[in-house]
Every structure is written in structure tokens, then in C-alpha cells.
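Chemist:
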Amino acid sequence: MDKLYWGAVVIFAIGWYIEQRMYVDGYTRRKRDPYKPIDYLGMFSIGEFVGYLIRCLIAPAFVWFSDILIGLPDNLIQAIAAVWLVVMSIFVPAVVERTIDGF
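Here numbering that gives the first Met the number 0 is used: position 20 in the sequence shown is 19, and no number is missing along the way.
(1) Just checking A78 against the ligand GDP - is the residue's beta carbon closer than 7 Å to any of the ligand's heavy atoms?
(2) Pull up the CB-CB distance for W15 and R54, whole angstroms please, since I reckon it's below 8 Å.
(3) Mind checking G25: buried by the 16 CB within 10 Å criterion, or exposed?
(4) Alpha carbon to alpha carbon, what distance is there between V86 and G70?
(5) Which residue's Cα is closest to the Cα of M42: F90, L68, V62 and I17?
(6) So the alpha helix (DSSP H) W83 belongs to, where does it begin and stop?
What follows is the structure in C-alpha cells.
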């Protein structure tokens with residue numbers, strides 16, 4: 000199970016890194032709070048990097064749900080895993096990015 004998790008982490012990290020490179024231009028960033036300094040880590044701001052780590056390390060935890068949720072029907076486990084994946088790869092990182100970057 001650990002190999003499956005780390006495989007998912009690598010696949011998610013590569014995919015979201017490519018997405019970051021494609022859709023975020025390092026020179027014309029989204030409008031942010033002008034009074035808060037913007038720190039960059041390569042093409043990531045601090046908030047975007049923390050969101051990237053959440054997407055890469057926490058979102059793939061759904062691979063353990065079949066071991067954790069023993070006794071539940073398979074359809075329910077799959078539904079919980081799908082909701083977990085959507086929430087931890089879209090909504091939570093967006094809230095963290097906006098909180099840290101201040102926009």
C-alpha cells in the first residue's frame with residue numbers, strides 16, 4: 000500500500016507541477032494585496048507552494064481508505080474517496096493559498 004501511495008504522490012506532483020507551469024505566468028501574477036510582500040519560490044508564491052504540497056501529499060491519502068473503512072460497502076468507500084480527492088485537491092488548497100497570499 001505504501002508503494003501505491005508514493006506512486007500516487009509522484010503522479011500528482013508531476014501533474015500539478017505541469018498545470019502550474021502552464022497556467023501561472025511568473026511575470027504577470029494575479030492581483031494580490033499591495034501592502035503584503037509577495038515571496039516567490041520559483042514559479043510558486045508561498046501560498047501556492049503550500050497548496051501544492053497539500054495537493055501532492057494529502058490528496059492521495061484516498062488509497063488507504065479501503066483499509067481504514069473496513070466493513071463499509073465498496074460503493075460508499077469509493078464515494079468517500081472521490082469526495083476526499085475533490086475537496087483536498089481543489090477547495091482546501093484554494094483556501095490555504097488565499098489565506099497565506101492575502102488575496
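Beta carbons are placed, not taken as given, at the ideal position from N, Cα and C, and that holds for glycine.
Modeler: Looking at the coordinates:
(1) What this structure holds is no ligand at all, so the ligand GDP is not there to describe.
(2) Sequence index remark: in the sequence shown, residue 15 carries index 16 (1-based). Sequence index remark: in the sequence shown, residue 54 carries index 55 (1-based). The distance from the Cβ of W15 to that of R54 is about 5 Å, consistent with a contact at the 8 Å cut-off.
(3) For the purposes of this step, residue 25 is taken as the residue at position 26 of the sequence shown. Confidence at G25 is low in this model, with a pLDDT of 49, below 50, so its placement is unreliable and no value can be given for it.
(4) Counted from its first residue, the sequence shown places residue 70 at position 71. Counted from its first residue, the sequence shown places residue 86 at position 87. Approximately 24 Å, taken between the alpha carbons.
(5) If you number the sequence shown from 1, residue 42 lands on position 43. Residue I17 is the option with its Cα nearest to M42.
(6) One-based indexing of the sequence shown puts residue 83 at position 84. Run containing W83: D73 to V85, per the alpha helix (DSSP H) assignment.
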